[in-house]
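> If you use my numbering, the sequence shown corresponds to residues 1229 to 1794, in order.
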Amino acid sequence: MLSLVAIVSFLPGSPRGWAADSTVTLDLLLVNARIWTGNPKIPEATTLGVAQGRVVWVASAEQWQKIRNWVSARRVIDAQNRRVVPGFYDSHLHLLTGGLRLSQVALKDAADEAEFGRRLREFDRKLPRDQWMLGGEWDHDRALKGQLPSAEWLDRYVKDRPVFLRRYDGHMAVANSRALQLAGITKDTPEVGGGVIYRQPGSREPTGLLRDAAMSLVEKVIPPPSEKAIVEAVRRALGELRMYGITSVQDMDGSDAATRRKLFRLYQRWAQEGELSCRIDLRWPLLNWRELADLGVTANFGNDFVRIGGVKGFMDGSLGSSTAKFFQPYLNEPESTGIFVTPPAVMRMMVRQADAAGLSVAVHAIGDQGNAEMLTIFHEVTQVNGARDRRFRIEHAQHLRPADIPRFAGSKVIASMQPYHVIDDGRWAEGRIGPARCATSYAFRSLLDAGAVLAFGSDWSVAPLNPMLGIDAAVHRRTLDGKHPEGWFPEQRITVEEALRAYTQGSAYAAFQEHSRGQLAPGYLADFVILSEDILDPAQRDRLAKIRVMMTIVGGKVVYESPPPQ
1229 MLSLVAIVSF LPGSPRGWAA DSTVTLDLLL VNARIWTGNP KIPEATTLGV
1279 AQGRVVWVAS AEQWQKIRNW VSARRVIDAQ NRRVVPGFYD SHLHLLTGGL
1329 RLSQVALKDA ADEAEFGRRL REFDRKLPRD QWMLGGEWDH DRALKGQLPS
1379 AEWLDRYVKD RPVFLRRYDG HMAVANSRAL QLAGITKDTP EVGGGVIYRQ
1429 PGSREPTGLL RDAAMSLVEK VIPPPSEKAI VEAVRRALGE LRMYGITSVQ
1479 DMDGSDAATR RKLFRLYQRW AQEGELSCRI DLRWPLLNWR ELADLGVTAN
1529 FGNDFVRIGG VKGFMDGSLG SSTAKFFQPY LNEPESTGIF VTPPAVMRMM
1579 VRQADAAGLS VAVHAIGDQG NAEMLTIFHE VTQVNGARDR RFRIEHAQHL
1629 RPADIPRFAG SKVIASMQPY HVIDDGRWAE GRIGPARCAT SYAFRSLLDA
1679 GAVLAFGSDW SVAPLNPMLG IDAAVHRRTL DGKHPEGWFP EQRITVEEAL
1729 RAYTQGSAYA AFQEHSRGQL APGYLADFVI LSEDILDPAQ RDRLAKIRVM
1779 MTIVGGKVVY ESPPPQ
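#1: Thinking C-alpha only, which one of ILE1642, PRO1634, ARG1771 is nearest ILE1806?
#2: Confirm, please, whether the CB-CB distance from HIS1320 to GLN1478 is below 9 Å.
#3: CA-CA distance, VAL1333 and ASP1358?
#4: Three or more beta-carbon pairs under 8 Å between the stretch 1747-1761 and the stretch 1283-1292, yes or no?
#5: Short check: CB of THR1274 to CB of TRP1298, under 9 Å?
#6: Taking 8 Å as the threshold, find out whether the stretch 1301-1319 comes into contact with the stretch 1340-1350 through three or more Cβ pairs.
#7: Going by the CB atoms, is the gap between ALA1584 and ASN1613 shorter than 9 Å?
#8: Just the C-alpha distance for ASN1404 and MET1443, rounded to the nearest angstrom, thanks.
#9: By how many angstroms is the C-alpha of VAL1569 removed from the C-alpha of PHE1542?
#10: Distance check for ALA1738 and GLN1597, CA to CA, integer angstroms please.
#11: Where does ALA1664 fall in DSSP's three states?
#12: Would GLY1685 and SER1644 be called neighbours here (beta carbons separated by less than 9 Å)?
#13: Measuring alpha carbon to alpha carbon, tell me which of SER1674, THR1707, THR1417, PRO1791 ends up nearest MET1779.
#14: Residues in the same chain with beta-carbon distance under 6 Å from ARG1635, minus the five sequence neighbours each way, listed in chain order, please.
#15: Apart from the five residues just before and just after SER1483, which ones in its own chain have a Cβ nearer than 7 Å to its Cβ?
#16: Distance, Cα to Cα, ARG1580 vs ASP1388?
#17: Take the Cβ of PHE1555 as the centre, count every other Cβ of all protein chains shown within 10 Å, and call the residue buried at 16 or more, exposed below.
#18: Along the chain, where does the alpha helix (DSSP H) that runs through SER1644 open and close?
#19: Compare the C-beta of ASP1596 with all C-beta atoms of chain D and state if any pair is closer than 9 Å.
#20: I need the straight-line Cα distance from LEU1767 to MET1696, nearest angstrom please.
#21: Kindly give me the distance between the Cβ atoms of ARG1655 and THR1707, rounded to whole angstroms, as I take these residues to be in contact under 8 Å.
#22: Less than 9 Å separating the beta-carbons of THR1399 and GLY1548?
#23: Check whether the stretch 1743-1752 and the stretch 1258-1278 touch, using three or more Cβ-Cβ pairs below 8 Å as the test.
#24: Quick test of your reading: SER1674 and GLN1646, contact by CB under 8 Å. State the CB separation rounded to the nearest angstrom.
#25: Tell me the rounded alpha-carbon separation between LEU1256 and ASN1516.
#26: Which whole-angstrom value is the C-beta distance of ILE1594 and SER1546, which I expect to be below 8 Å?
#27: Please name the residue, chosen from SER1564, LEU1469, ALA1657, ASP1544, that lies closest to VAL1795 on a Cα-to-Cα basis.
#28: Look up LEU1321 in the DSSP assignment and say whether it is helix, strand or coil.
#29: What's the C-alpha gap between ALA1702 and GLY1751?
#30: Enumerate in chain order the residues of its own chain whose CB-to-CB distance from ASP1652 is below 7 Å, with the five nearest sequence positions on each side excluded.
#31: Which one or two residues does DSSP pair with GLU1789 in a beta bridge?
#32: Does the separation of the CB atoms of LEU1693 and ASP1318 fall below 9 Å?
#33: What would DSSP say about ALA1225, mapped onto helix, strand or coil?
#34: Which residues does DSSP pair with PHE1756 in a beta bridge?
#35: Indicate the three-state DSSP secondary structure (helix, strand or coil) for LEU1523 in the structure shown.
#36: To test your reading of the DSSP string, which unbroken alpha helix (DSSP H) runs of 4 or more residues are found completely within the stretch 1358-1396?
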């Protein structure tokens, strides 16, 4: 019987390093597929073989005919001529938060104040009396006609239990009177650096609305999730990831220290027990970089399923909360240019120290000044700490001055972006910063043309998890209110294949994993999805958001199959 090495010698790009006595019995054989490999040397294939969790070969129909008599497999999947792509790699989400949100009150799509209040009352009735009401992800531009909520307003619906509800971008929250009381927030509470406590007009009485760092005043008195709640939330989140074909994630987390430790132990335990159906790259807070450095941990410590990818910090706030830092004032708040959540001098010091310790650094920046400052800091740290392949990242990179766009490629800074924000924020962004600044907002086309690396993700639970919605947003830029059918600033649109690369290879590159993920090529991890329609077919371009995942495979194992239609 021919060895596997002998069989694959028929194929271009044959893998190296496989033992000469390997058998021809594969773990998984995918046939009758339309495979987008992501590999420019072999861009399309019809057949794929998997052994020991990795791709052994990809073959054309003609090549498959030459070797099919010498190959057997423990499982054969007939793709029925459907499109197959590498597993989606979400470069930026909050896994535990997303899982917890699935069991909390949901207000993002509340159409008006009546619906908003009705959902609060209904959730209050079913929630155990000793628990806080959390979640929310409210959108005041949609439900409240642009008016911001307050404690007094919340008290109309839920008064007897503490309530703390975040705006959907996570940079603003509203607490009811009971929560303010428990947190000890009064007219005498001093201001918080990097945050805002909203006060009643003409007095210092708090309204209940808090921005960015000020939210910690309430967060510190909220009971952390129990171990059981963490397990249940992660299990729910993994189910969502499988359904949407997401096989790798970079988890930006955001938990308190004790919860993060529990979460990290859970990830490790489930990886060892074979229960982890997604590969997770967990980020530590930049503020706590020394915790990793003191242990001797450097970038990408771990294995193929669980890694500590480095650290993540915050430069500024968000556009929706009017806390993203801009050079010029907001139109809706002419006295404000936003805030630095972290003062630039402090950010410069932390980035320099974390980078010197060998950690990978990613920093949230949304406003044009926030981004410009981060690009300068990254450049300066590179000069001080010396040349190496460090792959600094700016998370979101949403609003850029034209002059700053080439700086991404010039300083080798990765733009880690979430395209769904374009069609969501595009409903109201011009009311915050005007059309001139919006022209280079979410500048996918300009960044690619300037040579920057794009890594796409969702920012779940801030935005929907489904990668097809993100790809559709990057390709069309049609805002959710239907007012831009040809695209909001359509000159920044990109192609389907460019968006797909950003959601696979770009994310892998951002995590130093471009030699094991993001492609379907010999030696790469066998992570791929079968789609209901061909994402690359021009006839499907107007229905990208409706394409579903039929099957998700991680390490050659089927972890999700779409249920048959009812």
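No residue lacks a Cβ here, since even glycine has one placed at the ideal position from N, Cα and C.
Concretely, from the data shown:
#1: The chain is shown from 1229 up to 1794; residue 1806 falls before or after that span and cannot be answered.
#2: yes
#3: 16 Å
#4: yes
#5: no
#6: no
#7: yes
#8: 13 Å
#9: 6 Å
#10: 23 Å
#11: helix
#12: yes
#13: PRO1791
#14: LEU1603
#15: LEU1324, LEU1491
#16: 47 Å
#17: exposed
#18: Element bounds for SER1644: not the alpha helix (DSSP H) but the beta strand (DSSP E), 1642-1645.
#19: As a matter of chain content, chain D is missing from the structure shown, which is built from one protein chain.
#20: The residue you asked about is not Leu; residue 1767 is Ala in the sequence shown. Whole-angstrom Cα-Cα distance: 16 Å.
#21: 5 Å
#22: It should be pointed out that residue 1399 corresponds to His in this sequence rather than to Thr. Yes, they are a contact pair.
#23: yes
#24: Not quite, the Cβ-Cβ distance comes to about 17 Å (not below 8 Å), so this is no contact.
#25: 43 Å
#26: 6 Å
#27: The question about residue 1795 has no answer here: the residues shown for the chain are numbered 1229 through 1794.
#28: strand
#29: 30 Å
#30: ALA1691, LEU1708
#31: MET1779
#32: yes
#33: Examination of residue 1225 is not possible in this model, given that the chain is present from 1229 through 1794 alone.
#34: PRO1314, ILE1781
#35: coil
#36: 1368-1371, 1379-1383
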